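Participant: Here you go, one structure.
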Amino acid sequence: MNFSQTVPELVAWARKNDFSISLPVDRLSFLLAVATLNGERLDGEMSEGELVDAFRHVSDAFEQTSETIGVRANNAINDMVRQRLLNRFTSEQAEGNAIYRLTPLGIGITDYYIRQREFSTLRLSMQLSIVAGELKRAADAAEEGGDEFHWHRNVYAPLKYSVAEIFDSIDLTQRLMDEQQQQVKDDIAQLLNKDWRAAISSCELLLSETSGTLRELQDTLEAAGDKLQANLLRIQDATMTHDDLHFVDRLVFDLQSKLDRIISWGQQSIDLWIGYDRHVHKFIRTAIDMDKNRVFAQRLRQSVQTYFDEPWALTYANADRLLDMRDEEMALRDEEVTGELPEDLEYEEFNEIREQLAAIIEEQLAVYKTRQVPLDLGLVVREYLSQYPRARHFDVARIVIDSGGTSWRSASRFSPDCQRNGSRLMITEPRYRRMSSTNIEQVMPVKLAQRWRIRYFRRWIAPYVQAAILASTNWIIMHS
Numbered sequence: 001m002n003f004s005q006t007v008p009e010l011v012a013w014a015r016k017n018d019f020s021i022s023l024p025v026d027r028l029s030f031l032l033a034v035a036t037l038n039g040e041r042l043d044g045e046m047s048e049g050e051l052v053d054a055f056r057h058v059s060d061a062f063e064q065t066s067e068t069i070g071v072r073a074n075n076a077i078n079d080m081v082r083q084r085l086l087n088r089f090t091s092e093q094a095e096g097n098a099i100y101r102l103t104p105l106g107i108g109i110t111d112y113y114i115r116q117r118e119f120s121t122l123r124l125s126m127q128l129s130i131v132a133g134e135l136k137r138a139a140d141a142a143e144e145g146g147d148e149f150h151w152h153r154n155v156y157a158p159l160k161y162s163v164a165e166i167f168d169s170i171d172l173t174q175r176l177m178d179e180q181q182q183q184v185k186d187d188i189a190q191l192l193n194k195d196w197r198a199a200i201s202s203c204e205l206l207l208s209e210t211s212g213t214l215r216e217l218q219d220t221l222e223a224a225g226d227k228l229q230a231n232l233l234r235i236q237d238a239t240m241t242h243d244d245l246h247f248v249d250r251l252v253f254d255l256q257s258k259l260d261r262i263i264s265w266g267q268q269s270i271d272l273w274i275g276y277d278r279h280v281h282k283f284i285r286t287a288i289d290m291d292k293n294r295v296f297a298q299r300l301r302q303s304v305q306t307y308f309d310e311p312w313a314l315t316y317a318n319a320d321r322l323l324d325m326r327d328e329e330m331a332l333r334d335e336e337v338t339g340e341l342p343e344d345l346e347y348e349e350f351n352e353i354r355e356q357l358a359a360i361i362e363e364q365l366a367v368y369k370t371r372q373v374p375l376d377l378g379l380v381v382r383e384y385l386s387q388y389p390r391a392r393h394f395d396v397a398r399i400v401i402d403s404g405g406t407s408w409r410s411a412s413r414f415s416p417d418c419q420r421n422g423s424r425l426m427i428t429e430p431r432y433r434r435m436s437s438t439n440i441e442q443v444m445p446v447k448l449a450q451r452w453r454i455r456y457f458r459r460w461i462a463p464y465v466q467a468a469i470l471a472s473t474n475w476i477i478m479h480s
């Protein structure tokens with residue numbers, strides 16, 4: 001909200017006019033009663049007799065004496081006229097029969113306590129629809145351009161006296177929603193302090209109603225927020241080329257700030273209310289857990305006290321205990337990795353492996369004869385591993401890789417040229433890098449690595465060497 005006067009000017013103005021408001025609860029109730037009855041009048045006017053009748057209802061509600069009702073009503077009416085809550089109109093023709101109307105101050109106070117508390121999603125939607133229409137017309141007028149009168153009449157005036165006031169009304173509604181949330185929290189606290197068992201359903205109802213209201217408000221604001229911001233940006237872009245429209249640009253900036261605050265308030269309120277909702281449910285669960293024995297003891301004492309009036313029989317059950325058959329301590333498996341092979345590979349027939357390797361190497365030698373391409377042991381490894389499932393590649397690949405390198409060194413004088421990196425192709429694969437003989441010392445201790453090499457040379461490498469030599473010899477004899 002922007003003020004054209006400065007603080008000293010406003011202070012001097014309030015002091016000069018002697019503004020003051022004093023509304024005890026009975027006077028405020030009287031003002032609300034007057035506003036309610038005034039809303040039923042088409043002309044918005046009330047006579048002094050009607051004001052006295054309204055004051056009589058308030059006096060009866062506060063259980064005040066009825067003997068001095070006329071004097072006290074007259075004092076209350078004069079006090080509200082002095083505080084500028086009511087306007088009094090008299091005429092010479094009807095002397096002693098004045099007419100009263102609520103002032104803007106009186107309407108604002110009663111509107112705060114009555115109409116603004118009647119939250120309605122439809123009302124908010126209508127307000128946003130009116131704002132969207134006003135902003136669209138103002139944006140179109142701003143893009144058309146014109147003289148200073150055009151900007152004041154078609155752009156500044158709708159933004160100042162329509163859009164800004166509706167934004168202030170929505171902001172006031174949100175502030176009242178804050179008070180309503182606090183009131184709901186107080187009601188829930190009182191219900192839980194009295195009898196939390198009977199208050200659970202009431203608390204759930206209050207929580208769900210408030211959550212639904214906040215969600216409806218936020219959904220309505222988010223649905224219209226983007227369009228409103230887009231029209232404000234259109235007006236701001238149109239004023240950038242005019243140096244004499246600072247007042248419009250400043251007003252647009254204030255409206256953008258208000259709109260951002262209105263939209264962000266909704267999400268923040270929802271987040272805070274969700275946290276409070278969880279807190280209440282946690283309190284109820286904790287109270288139920290802590291109050292089990294107390295409730296049972298209270299019911300037992302009451303049953304014993306009223307036994308002769310309402311006899312009862314006690315039935316109990318003594319079931320066998322359920323024994324937990326799980327181990328108290330789970331054994332942690334931390335065996336030392338020694339590179340032992342699975343049993344399926346440990347007892348596999350060597351002849352079968354030798355025959356398979358010999359067949360694959362003969363195919364590679366045939367390619368060498370036709371294309372003069374060096375022997376690619378990497379292809380041999382890939383084709384050999386393709387015969388095994390992926391889960392067994394680790395154990396098979398480390399044997400084939402080492403045997404491939406040894407076969408190349410042993411049979412180099414009998415076979416054609418071999419690719420020197422062919423037997424080390426799988427070393428570049430990350431999952432096979434640790435099982436290569438080139439870095440076996442980095443994985444295992446030195447002595448263990450030596451035993452591992454000797455063992456697998458005897459069991460696995462020797463047959464592969466024989467297979468490679470046999471295949472090379474057969475190929476040389478057949479093609480010499």
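Under UniProt numbering, the sequence shown has 445 at position 445, and the numbering climbs by one with no breaks.
Glycine residues also receive a C-beta, built at the ideal position from the N, C-alpha and C atoms.
All figures in this text were calculated on a predicted structure; none of them were measured in a lab.
What are the partner residues of SER169, as DSSP defines its beta bridges?
Facilitator: None, per the DSSP bridge assignment.
Participant: Would THR6 be called buried (16 or more neighbouring beta carbons within 10 Å of its own) or exposed?
Facilitator: The residue is exposed, with fewer than 16 neighbouring Cβ atoms inside 10 Å.
Participant: How many Å lie between LEU51 and ASP277 at the Cα?
Facilitator: Cα-Cα distance, rounded: 45 angstroms.
Participant: What is the residue span of the alpha helix (DSSP H) that SER82 lies within?
Facilitator: It should be pointed out that residue 82 corresponds to Arg in this sequence rather than to Ser. Run containing ARG82: 69-82, per the alpha helix (DSSP H) assignment.
Participant: Tell me which same chain residues have a C-beta within less than 6 angstroms of the C-beta of GLN83, skipping the five on either side of it?
Facilitator: Answer for GLN83: ILE21, listed in chain order.
Participant: ILE114 and GLN174: beta carbons closer than 8 angstroms?
Facilitator: It is not a contact, given that the beta carbons lie outside the stated cut-off.
Participant: Would you be able to state if there are at least three C-beta pairs under 8 angstroms between the region 156-175 and the region 250-262?
Facilitator: A contact exists between the region 250-262 and the region 156-175.
Participant: Using only CA atoms, which one of ASP168, GLN64 and ARG123 lies nearest to residue 545?
Facilitator: Since the first residue shown for the chain is 1 and the last is 480, residue 545 is missing from the structure and cannot be characterised.
Participant: Could you compute how far the alpha carbon of LEU300 sits from the alpha carbon of LEU314?
Facilitator: Computed Cα separation, rounded: 11 angstroms.
Participant: Starting from ILE109, trace the alpha helix (DSSP H) in both directions and tell me its first and last residue.
Facilitator: It spans 104-113 - the alpha helix (DSSP H) in which ILE109 sits, taken as one unbroken run.
Participant: Quick one: what's PHE89 bridged to in DSSP?
Facilitator: Beta-bridge pairing links PHE89 to ILE99.
Participant: Would you mind stating whether TYR384 and ILE360 have Cβ atoms separated by less than 8 angstroms?
Facilitator: Yes, the Cβ-Cβ distance between TYR384 and ILE360 is below 8 angstroms.
Participant: Quick one: what does DSSP say LYS16 is sitting in, helix, strand or coil?
Facilitator: In the structure shown, LYS16 sits in a helix (DSSP, three-state: H, G or I).
Participant: Might you give, ordered along the chain, the residues of its own chain that have their beta carbon closer than 6 angstroms to the beta carbon of THR286, omitting 5 neighbours on each side?
Facilitator: Correct list: empty, nothing qualifies.
Participant: Alpha carbon to alpha carbon, what distance is there between TRP265 and GLY133?
Facilitator: One C-alpha to the other measures close to 23 angstroms.
Participant: Kindly confirm or deny that the region 124-141 and the region 230-249 touch, where touching means at least three C-beta pairs closer than 8 angstroms.
Facilitator: Yes, they touch.
Participant: Could you have a look at PRO240 and say whether DSSP puts it in helix, strand or coil?
Facilitator: Correcting the residue type first, residue 240 is Met in the shown sequence and not Pro. MET240 falls in the coil class under three-state DSSP.
Participant: Using a 10 Å radius around the Cβ and a threshold of 16 neighbouring Cβ atoms, would you call ALA14 buried or exposed?
Facilitator: Counting Cβ neighbours within 10 Å, ALA14 comes out exposed, since fewer than 16 surround it.
Participant: For SER386, which three-state DSSP category applies?
Facilitator: Coil.
Participant: Can you tell me whether DSSP reads SER47 as helix, strand or coil?
Facilitator: Note: SER47 maps to strand in three-state DSSP.
Participant: Can you tell me whether DSSP reads GLY146 as helix, strand or coil?
Facilitator: Of the three classes helix, strand and coil, the one that applies to GLY146 here is coil, per DSSP.
Participant: Short check: CB of ILE99 to CB of GLU179, under 8 angstroms?
Facilitator: In this structure, GLU179 does not lie closer than 8 angstroms to ILE99 by Cβ.
Participant: Mark ILE170 as exposed unless 16 or more other C-beta atoms lie within 10 angstroms of its C-beta, in which case mark it buried.
Facilitator: ILE170 comes out buried.
Participant: Rounded to whole angstroms, what's the CA-CA distance from SER202 to HIS279? Just pull it up for me.
Facilitator: When rounded, the distance between both Cα atoms is 16 angstroms.
Participant: Assign PRO311 to one of three DSSP states: helix, strand, or coil.
Facilitator: In this structure, PRO311 counts as coil in the three-state DSSP scheme.
Participant: Would you kindly work out how many angstroms separate the C-alpha atoms of GLN190 and ALA230, rounded to a whole number?
Facilitator: Near 46 angstroms, if we compare the C-alpha coordinates of ALA230 and GLN190.
Participant: Since LEU228 and LEU122 should fall inside the 8 angstroms C-beta cutoff, what is the C-beta to C-beta distance between them, to a whole number of angstroms?
Facilitator: That belief does not hold up - the Cβ atoms of LEU228 and LEU122 are roughly 18 angstroms apart, past 8 angstroms.
Participant: Confirm, please, whether the CB-CB distance from ALA54 to PHE30 is below 8 angstroms.
Facilitator: Yes, the pair counts as a contact, with Cβ atoms nearer than the cut-off.
Participant: What is the rounded straight-line gap between the Cα of THR370 and the Cα of TYR388?
Facilitator: Cα-Cα distance, rounded: 30 angstroms.
Participant: Can you list, in chain order, the residues of its chain whose CB lies under 8 angstroms from that of THR220, leaving out five sequence neighbours each side?
Facilitator: Closer than 8 angstroms at the Cβ level, and outside the excluded window around THR220, lie THR121, LEU124, SER125 and LEU128.
Participant: Compare the Cα-Cα distances from GLN182 to each of LEU207, VAL25 and LYS194 and report the closest residue.
Facilitator: That would be LEU207, whose Cα lies nearest to the Cα of GLN182.
Participant: Taking the alpha helix (DSSP H) that residue 483 belongs to, which residues open and close that run?
Facilitator: One cannot answer for residue 483 here, as it falls past the ends of the chain, which runs 1 to 480.
Participant: Note down the Cα distance separating ILE107 from PHE283, rounded to an integer number of angstroms.
Facilitator: Spanning the two alpha carbons is a distance of roughly 42 angstroms.
Participant: Skipping 5 residues on each side, what residues in its chain have a beta carbon closer than 6 angstroms to that of ARG217?
Facilitator: First, the residue type needs correcting, since residue 217 is Leu and not Arg in the sequence shown. Contacts found: GLY266.
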